[in-house]
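Novice: Structure provided below as structure tokens; questions to follow.
Chains as they are written, first to last, in my numbering: chain A, 2 to 154; chain B, 276 to 439.
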């Protein structure tokens with residue numbers, strides 16, 4: 002199962018999981034737009050231009066409003082990419098207290114004997130305590146989805 | 276000496292210099308707050324402090340006193356970011372957000388690449404994410420050349436002192 006911890010300064014979430022699939026397949030399930038849309042059909046939009054400086058965007062319509070929004074929009078820019086080892090992007094959210102505040106999401110994939118160890122680190126959340134709490138519960142769900150999709154392929 | 280260029284897409288400033296010191300020495304000057312405090316500043320922008328948590332995910336920040344330089348109406352400069360890549364003595368990458376930027380919500384990225392060359396180190400710094408920030412980009416296209424020259428002066432001067 003996925004583990005998830007919040008650092009003592011309430012700034013960073015670290016969530017990890019082991020997946021029985023090769024790193025390149027897992028990597029596609031994280032950032033390749035077509036693969037991600039198949040993985041998570043409830044996403045209205047998932048786009049990511051896979052190069053440093055490339056833009057990404059995710060949009061999802063909710064059955065009932067969350068923090069005052071009925072359509073969640075996340076977006077940002079790719080800061081570092083080294084497939085299938087590393088992907089770092091900035092992360093904004095329209096429901097954050099400060100929608101112009103940038104947090105950072107970092108994906109690290111490490112090959113293991115049985116597949117791939119995945120670690121996702123979401124930092125820069127000290128000024129968004131409500132969102133931080135939600136993300137701490139949200140990331141394990143994302144990792145579970147990534148795992149199930151990669152393993153059934 | 277120093278070469279500085281702006282990429283054709285107007286997104287990045289690239290500055291390069293050759294330094295007569297080992298990559299390990301140069302890397303330390305880039306990542307040790309006490310050393311940064313000694314060289315990464317100038318009479319025009321006197322340093323208040325440097326903090327640098329040298330690890331992936333670590334934060335850094337620096338601030339200056341009010342100096343004679345003004346960019347986008349700012350003369351007390353504050354900069355902070357997070358370390359994205361830390362691979363001594365070869366690679367250092369961090370985000371870079373300045374209070375003098377045209378858009379302070381945008382993360383820019385600074386990448387330091389050190390390569391052993393001719394018994395010393397070739398230093399290449401690339402500051403990207405500037406295409407929507409013409410004022411800051413203009414300032415950086417002169418600024419990074421000054422920074423790498425201060426770095427060179429600091430590391431090489433110290434080397435002479437040590438060998439004396």
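Backbone N, C-alpha and C define an ideal beta-carbon position, used for all residues, glycine too. Remember, predicted model here, so these are calculated numbers, not experimental data.
Alpha carbon to alpha carbon, how far is residue 288(B) from residue 322(B)? Give it in angstroms, no decimals.
Specialist: Locating residue 322(B) in the second chain gives position 47, counting from the first residue. Locating residue 288(B) in the second chain gives position 13, counting from the first residue. Rounded to whole angstroms, residue 322(B) to residue 288(B) spans 23 angstroms at the Cα level.
Novice: Which same chain residues, not among the five before or five after residue 152(A), have their C-beta less than 6 angstroms away from its C-beta?
Specialist: In the first chain, residue 152(A) corresponds to position 151, counting from 1. Within the same chain, residue 152(A) has close Cβ partners 21, 22.
Novice: Going straight from the alpha carbon of residue 116(A) to that of residue 89(A), what length do you get?
Specialist: For this step, residue 116(A) is matched to residue 115 along the first chain. For this step, residue 89(A) is matched to residue 88 along the first chain. Each residue's alpha carbon lies about 21 angstroms from the other.
Novice: Short of 8 angstroms in beta carbon distance, which residues of its chain neighbour residue 301(B), apart from the five on each side in sequence? Order them along the chain.
Specialist: Translated into positions along the second chain, residue 301(B) becomes position 26. Closer than 8 angstroms at Cβ, skipping near neighbours: 294, 364, 389, 396, 398, 426, 430.
Novice: Mind listing which residues of the segment 5-26 of chain A have their C-beta closer than 8 angstroms to chain B's C-betas, in chain order?
Specialist: Cβ contacts with chain B come from 13.
Novice: Name the DSSP beta bridge partners of residue 294(B), please?
Specialist: The count along the second chain starts at 1 and reaches residue 294(B) at position 19. Partner(s): 396(B).
Novice: Could you pull the start and end residues of the beta strand (DSSP E) that residue 330(B) belongs to?
Specialist: For this step, residue 330(B) is matched to residue 55 along the second chain. Residue 330(B) -> no beta strand (DSSP E), and no H or E assigned at all.
Novice: Which one of 110(A), 78(A), 27(A), 120(A) has the shortest CA to CA distance from residue 14(A)?
Specialist: Indexing the first chain from 1 puts residue 14(A) at position 13. Among 110(A), 78(A), 27(A), 120(A), the Cα nearest to that of residue 14(A) belongs to 120(A).
Novice: Which residues mark the beginning and the end of the beta strand (DSSP E) in which residue 359(B) is found?
Specialist: Mapped onto the second chain, residue 359(B) falls at position 84. Here the beta strand (DSSP E) through residue 359(B) covers 353-362.
Novice: Could you tell me the alpha carbon to alpha carbon distance between residue 79(A) and residue 50(A), rounded to whole angstroms?
Specialist: Here the question's residue 79(A) lines up with position 78 in the first chain. Here the question's residue 50(A) lines up with position 49 in the first chain. Approximately 8 angstroms between the Cα atoms of the pair.
Novice: Distance, Cα to Cα, residue 149(A) vs residue 41(A)?
Specialist: Position 148 of the first chain, counted from the first residue, corresponds to residue 149(A). Position 40 of the first chain, counted from the first residue, corresponds to residue 41(A). Taking the straight line joining both Cα atoms gives about 11 angstroms.
Novice: Might you give, ordered along the chain, the residues of its own chain that have their beta carbon closer than 8 angstroms to the beta carbon of residue 423(B), omitting 5 neighbours on each side?
Specialist: If you number the second chain from 1, residue 423(B) lands on position 148. Cβ neighbours of residue 423(B) beyond the five flanking positions: 277, 290, 291, 292, 398, 400.
Novice: Give me the chain A residues within the contact set of residue 278(B), using Cβ-Cβ distance strictly less than 9 angstroms, ordered along the chain.
Specialist: In the second chain, the residue the question calls residue 278(B) occupies position 3. None at all; the shortest Cβ gap to chain A is about 22 angstroms.
Novice: May I ask you to list the residues that DSSP assigns as paired with residue 159(A)?
Specialist: With chain A represented from 2 up to 154, any question about residue 159(A) goes unanswered, as that position is not in the structure.
Novice: In its own chain, which residues sit with a C-beta less than 6 angstroms from the C-beta of residue 360(B), not counting the 5 before and 5 after it?
Specialist: In the second chain, residue 360(B) corresponds to position 85, counting from 1. Correct list, in chain order: 366, 368.
Novice: For the segment 303-324 of chain B, which residues have a beta carbon sitting closer than 7 angstroms to at least one beta carbon of chain A?
Specialist: Under the 7 angstroms Cβ criterion, the segment 303-324 of chain B contributes no residue.
Novice: Give me, in chain order, the residues of the same chain whose beta-carbon lies closer than 8 angstroms to that of residue 67(A); leave out the 5 immediate sequence neighbours on both sides.
Specialist: Counting from one through the first chain, the residue named residue 67(A) turns up at place 66. Excluding residues within five positions, the ones whose Cβ falls inside 8 angstroms are 73, 96.
Novice: For residue 378(B), collect the residues of the same chain with a Cβ closer than 7 angstroms to its Cβ; drop the 5 residues on either side in sequence, then sort them by chain order.
Specialist: Within the second chain, the letter at position 103 stands for residue 378(B). Once the five neighbours on either side are set aside, the close Cβ partners of residue 378(B) are 407, 408.
Novice: Measuring only the C-alpha atoms, how far is residue 30(A) from residue 36(A)?
Specialist: Reading the first chain from its first residue, position 29 is the one you call residue 30(A). Reading the first chain from its first residue, position 35 is the one you call residue 36(A). Distance between the alpha carbons of residue 30(A) and residue 36(A) is about 6 angstroms.
Novice: 7 angstroms is my cut-off, CB to CB: does residue 105(A) come that close to chain B?
Specialist: Within the first chain, numbered from 1, the residue matching residue 105(A) stands at position 104. By this cut-off, residue 105(A) is an interface position.
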